[in-house]
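K.L.:
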Amino acid sequence: MTAYLQHARHLLATFHAHSIKQVPRSENSHADALARLASTLEQGKGRHIYIEFLDQPSTQAPLICTIDHSPTWMDPILQFLQNQTLPANSVEARRVRHRSARYLIINGSLYKQGFSLPYLRCLTPEEGHYVLREIHEGICGNHSGARSLAHKAIRQGYFWPSLHTDAQAFT
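Here the sequence shown stands for residues 393 to 563, numbered as in our numbering.
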(Lines of atoms letter the chains of each structure in order from A and count residues from 1; the text may use other names and numbers.)
(Lines give C-alpha, C1' and ligand atoms only; values in the text may rest on other atoms or scores of the structure.)
Protein backbone atom coordinates (compact mmCIF):
# COMPACT_ATOMS: atom_id res chain seq x y z
CA MET A 1 0.00 0.00 0.00
CA THR A 2 2.86 2.39 0.76
CA ALA A 3 4.41 1.69 -2.65
CA TYR A 4 1.08 2.62 -4.26
CA LEU A 5 0.93 5.83 -2.22
CA GLN A 6 4.48 6.81 -3.21
CA HIS A 7 3.73 6.14 -6.88
CA ALA A 8 0.51 8.19 -6.67
CA ARG A 9 2.36 11.11 -5.05
CA HIS A 10 5.04 10.96 -7.75
CA LEU A 11 2.37 11.09 -10.47
CA LEU A 12 0.46 13.91 -8.72
CA ALA A 13 3.62 16.06 -8.69
CA THR A 14 3.61 16.06 -12.50
CA PHE A 15 0.14 17.66 -12.70
CA HIS A 16 -0.49 21.40 -12.47
CA ALA A 17 -3.68 20.98 -10.44
CA HIS A 18 -5.55 18.03 -9.00
CA SER A 19 -8.39 17.21 -6.65
CA ILE A 20 -9.14 14.06 -4.70
CA LYS A 21 -12.74 12.95 -4.54
CA GLN A 22 -14.07 10.00 -2.58
CA VAL A 23 -16.31 7.78 -4.69
CA PRO A 24 -19.15 6.06 -2.80
CA ARG A 25 -18.96 2.28 -2.69
CA SER A 26 -22.24 1.91 -4.59
CA GLU A 27 -20.79 3.88 -7.53
CA ASN A 28 -17.47 2.02 -7.51
CA SER A 29 -18.67 -1.55 -8.04
CA HIS A 30 -16.91 -2.00 -11.41
CA ALA A 31 -13.52 -1.03 -9.97
CA ASP A 32 -14.10 -3.37 -7.02
CA ALA A 33 -14.96 -6.23 -9.37
CA LEU A 34 -11.81 -5.63 -11.43
CA ALA A 35 -9.67 -5.47 -8.30
CA ARG A 36 -11.21 -8.72 -7.08
CA LEU A 37 -10.46 -10.38 -10.42
CA ALA A 38 -6.88 -9.12 -10.40
CA SER A 39 -6.25 -10.35 -6.86
CA THR A 40 -7.30 -13.90 -7.77
CA LEU A 41 -4.63 -14.20 -10.48
CA GLU A 42 -1.47 -16.08 -9.63
CA GLN A 43 1.66 -13.97 -9.79
CA GLY A 44 3.90 -14.53 -12.80
CA LYS A 45 1.19 -15.93 -15.04
CA GLY A 46 -0.12 -13.53 -17.62
CA ARG A 47 -3.68 -14.76 -17.97
CA HIS A 48 -6.36 -12.78 -19.73
CA ILE A 49 -9.81 -12.50 -18.26
CA TYR A 50 -12.56 -11.63 -20.68
CA ILE A 51 -15.75 -10.12 -19.34
CA GLU A 52 -18.84 -10.37 -21.48
CA PHE A 53 -21.94 -8.36 -20.68
CA LEU A 54 -25.14 -10.08 -21.79
CA ASP A 55 -28.13 -8.00 -22.82
CA GLN A 56 -30.50 -10.84 -21.98
CA PRO A 57 -30.22 -14.12 -20.08
CA SER A 58 -28.48 -17.01 -21.81
CA THR A 59 -31.33 -19.37 -20.89
CA GLN A 60 -35.02 -18.79 -21.30
CA ALA A 61 -37.00 -19.35 -18.12
CA PRO A 62 -40.66 -20.22 -18.57
CA LEU A 63 -43.05 -17.46 -17.58
CA ILE A 64 -45.40 -18.68 -14.87
CA CYS A 65 -48.29 -16.49 -13.79
CA THR A 66 -50.63 -17.94 -11.21
CA ILE A 67 -53.99 -16.29 -10.89
CA ASP A 68 -56.37 -17.38 -8.16
CA HIS A 69 -59.95 -16.32 -8.64
CA SER A 70 -61.38 -18.33 -5.78
CA PRO A 71 -64.07 -16.44 -3.86
CA THR A 72 -63.07 -14.95 -0.53
CA TRP A 73 -65.02 -13.81 2.49
CA MET A 74 -64.67 -10.20 1.32
CA ASP A 75 -66.41 -10.60 -2.06
CA PRO A 76 -70.07 -10.18 -0.92
CA ILE A 77 -69.17 -7.16 1.22
CA LEU A 78 -67.15 -5.57 -1.60
CA GLN A 79 -69.96 -6.17 -4.11
CA PHE A 80 -72.49 -4.56 -1.79
CA LEU A 81 -70.31 -1.54 -0.99
CA GLN A 82 -69.28 -0.94 -4.61
CA ASN A 83 -72.39 -1.89 -6.59
CA GLN A 84 -75.17 -2.23 -3.99
CA THR A 85 -75.73 -5.84 -5.14
CA LEU A 86 -76.86 -8.42 -2.60
CA PRO A 87 -76.95 -12.23 -2.75
CA ALA A 88 -80.21 -13.85 -3.91
CA ASN A 89 -80.75 -15.60 -0.58
CA SER A 90 -82.65 -13.20 1.69
CA VAL A 91 -80.97 -14.43 4.89
CA GLU A 92 -77.52 -14.05 3.35
CA ALA A 93 -78.50 -10.64 1.91
CA ARG A 94 -79.57 -9.43 5.35
CA ARG A 95 -76.31 -10.72 6.85
CA VAL A 96 -74.20 -8.96 4.19
CA ARG A 97 -76.10 -5.69 4.60
CA HIS A 98 -75.65 -5.84 8.38
CA ARG A 99 -71.93 -6.71 8.20
CA SER A 100 -71.09 -4.14 5.53
CA ALA A 101 -72.01 -1.30 7.90
CA ARG A 102 -68.67 -1.87 9.69
CA TYR A 103 -66.56 -1.86 6.51
CA LEU A 104 -65.43 0.80 4.05
CA ILE A 105 -63.35 0.97 0.88
CA ILE A 106 -60.25 3.17 0.77
CA ASN A 107 -58.22 3.27 -2.46
CA GLY A 108 -59.71 -0.02 -3.63
CA SER A 109 -58.90 -1.91 -0.40
CA LEU A 110 -61.46 -3.09 2.12
CA TYR A 111 -61.02 -1.85 5.70
CA LYS A 112 -62.87 -2.76 8.88
CA GLN A 113 -63.78 0.00 11.30
CA GLY A 114 -62.68 -0.96 14.80
CA PHE A 115 -64.22 0.36 17.99
CA SER A 116 -61.07 1.70 19.59
CA LEU A 117 -58.57 0.82 16.84
CA PRO A 118 -57.68 2.54 13.59
CA TYR A 119 -59.00 1.06 10.37
CA LEU A 120 -57.94 -2.58 9.94
CA ARG A 121 -57.00 -3.68 6.42
CA CYS A 122 -58.94 -6.79 5.42
CA LEU A 123 -56.85 -9.62 4.00
CA THR A 124 -57.54 -12.72 1.95
CA PRO A 125 -56.67 -16.04 3.61
CA GLU A 126 -53.42 -16.27 1.61
CA GLU A 127 -52.35 -12.78 2.64
CA GLY A 128 -53.32 -13.60 6.22
CA HIS A 129 -51.11 -16.69 6.30
CA TYR A 130 -48.23 -14.59 4.95
CA VAL A 131 -48.73 -11.96 7.68
CA LEU A 132 -48.87 -14.63 10.40
CA ARG A 133 -45.71 -16.28 9.07
CA GLU A 134 -43.82 -12.96 8.94
CA ILE A 135 -44.88 -11.97 12.46
CA HIS A 136 -44.18 -15.42 13.92
CA GLU A 137 -40.77 -15.89 12.32
CA GLY A 138 -39.29 -12.96 14.15
CA ILE A 139 -39.89 -9.76 12.21
CA CYS A 140 -42.09 -8.43 15.02
CA GLY A 141 -40.18 -10.01 17.90
CA ASN A 142 -39.67 -13.55 19.09
CA HIS A 143 -41.85 -16.60 18.43
CA SER A 144 -45.19 -16.19 20.12
CA GLY A 145 -48.30 -18.16 21.01
CA ALA A 146 -51.55 -18.12 19.08
CA ARG A 147 -53.34 -15.42 21.06
CA SER A 148 -50.42 -12.99 21.11
CA LEU A 149 -49.73 -13.72 17.43
CA ALA A 150 -53.31 -12.78 16.54
CA HIS A 151 -53.16 -9.63 18.65
CA LYS A 152 -49.86 -8.60 17.03
CA ALA A 153 -51.51 -8.94 13.60
CA ILE A 154 -54.40 -6.75 14.75
CA ARG A 155 -51.99 -4.17 16.22
CA GLN A 156 -50.21 -4.07 12.87
CA GLY A 157 -53.55 -3.12 11.29
CA TYR A 158 -54.73 -6.37 9.66
CA PHE A 159 -58.00 -8.29 9.91
CA TRP A 160 -59.69 -11.37 8.51
CA PRO A 161 -62.52 -13.32 10.14
CA SER A 162 -60.57 -16.52 10.83
CA LEU A 163 -57.57 -14.69 12.30
CA HIS A 164 -57.68 -16.38 15.70
CA THR A 165 -58.29 -19.89 14.34
CA ASP A 166 -55.56 -19.44 11.71
CA ALA A 167 -53.14 -18.28 14.41
CA GLN A 168 -54.06 -21.31 16.53
CA ALA A 169 -53.48 -23.65 13.58
CA PHE A 170 -50.23 -21.88 12.66
CA THR A 171 -48.57 -22.28 16.07
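All C-beta atoms in this analysis are idealised placements derived from N, C-alpha and C, irrespective of residue type, glycine included. In this text the structure is predicted, and so the values were computed from the model without any measurement.
1. Taking 8 Å as the threshold (C-beta atoms), are residue 501 and residue 469 in contact?
2. Let's test the definition: count the other Cβ atoms within 10 Å of the Cβ of residue 558 and tell me whether it reaches 16, buried, or not, exposed.
3. Once you ignore the five residues that flank residue 479 on each side, which residues in its own chain have a CB closer than 8 Å to its CB?
4. Rounded to the nearest angstrom, what separates residue 504 and residue 475 at their Cα positions?
5. Could you tell me the boundaries of the beta strand (DSSP E) in which residue 509 lies?
6. What whole-angstrom Cβ distance do residue 549 and residue 510 have, given they're in contact under 8 Å?
7. Three-state secondary structure (DSSP) at residue 413?
8. For residue 507, is the classification buried or exposed, using 16 other Cβ atoms within 10 angstroms of its Cβ as the cut-off for buried?
9. Using three-state DSSP, classify residue 442 as helix, strand or coil.
10. Compute the Euclidean distance between the alpha carbons of residue 524 and residue 512, then round it to the nearest angstrom.
11. Between the Cα of residue 556 and the Cα atoms of 526, 471, 521, which residue gives the shortest distance?
12. Using alpha carbons as the reference points, say which of 452, 421, 518 lies closest to residue 459.
P.N.:
In this structure, then:
1. no
2. buried
3. 468, 485, 488
4. 18 Å
5. Residue 509: not part of any beta strand (DSSP E); DSSP gives it neither H nor E.
6. 7 Å
7. coil
8. exposed
9. coil
10. 15 Å
11. 521
12. 518
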